[in-house]
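Worksheet: one structure, shown below.
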Amino acid sequence: SVAEDMYKFHVELYGKFTADCMKDEKVRIGMKAIVIPVILGQPNSINETETANKISRQYVYDNQYIYTENGIVTTIQTSR
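In this note's numbering, the protein residues as written are 1425 to 1504.
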């Protein structure tokens, strides 16, 4: 099926864990940050901090902030 082919493609491209997150339409700690907009849509903004050893990004959504380090999701903060 097309869905199975897309899943296999995502596994090759991003690895099984991130592909599973995409399939479940859920952002999880440890997944590749590049697919955050695929799952949640475009963020309102992205704040970036660069230091000697890492690049950190904060993806800002209406009620959620997703933090990444070097392209991996590290923290998910939700406003209630």
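Every residue, glycine too, gets a C-beta built ideally from N, C-alpha and C. This structure is a prediction, so every number in the text was calculated from the model and none was measured.
Query                                                                                                                                                                               : Result
Could you name the residues of the same chain whose beta carbon sits closer than 7 Å to that of N1494, not counting the 5 residues immediately before and after it, in chain order? : K1478 and I1479
Using the three-state DSSP reduction, which class does I1463 fall into: helix, strand or coil?                                                                                      : helix
Return helix, strand or coil for E1436, following the three-state DSSP convention.                                                                                                  : helix
From D1444 to N1471, what does the alpha carbon distance come to, in whole angstroms?                                                                                               : 26 Å
Check the DSSP bridge columns for E1493 and list the partner residues they point to.                                                                                                : S1480 and I1496
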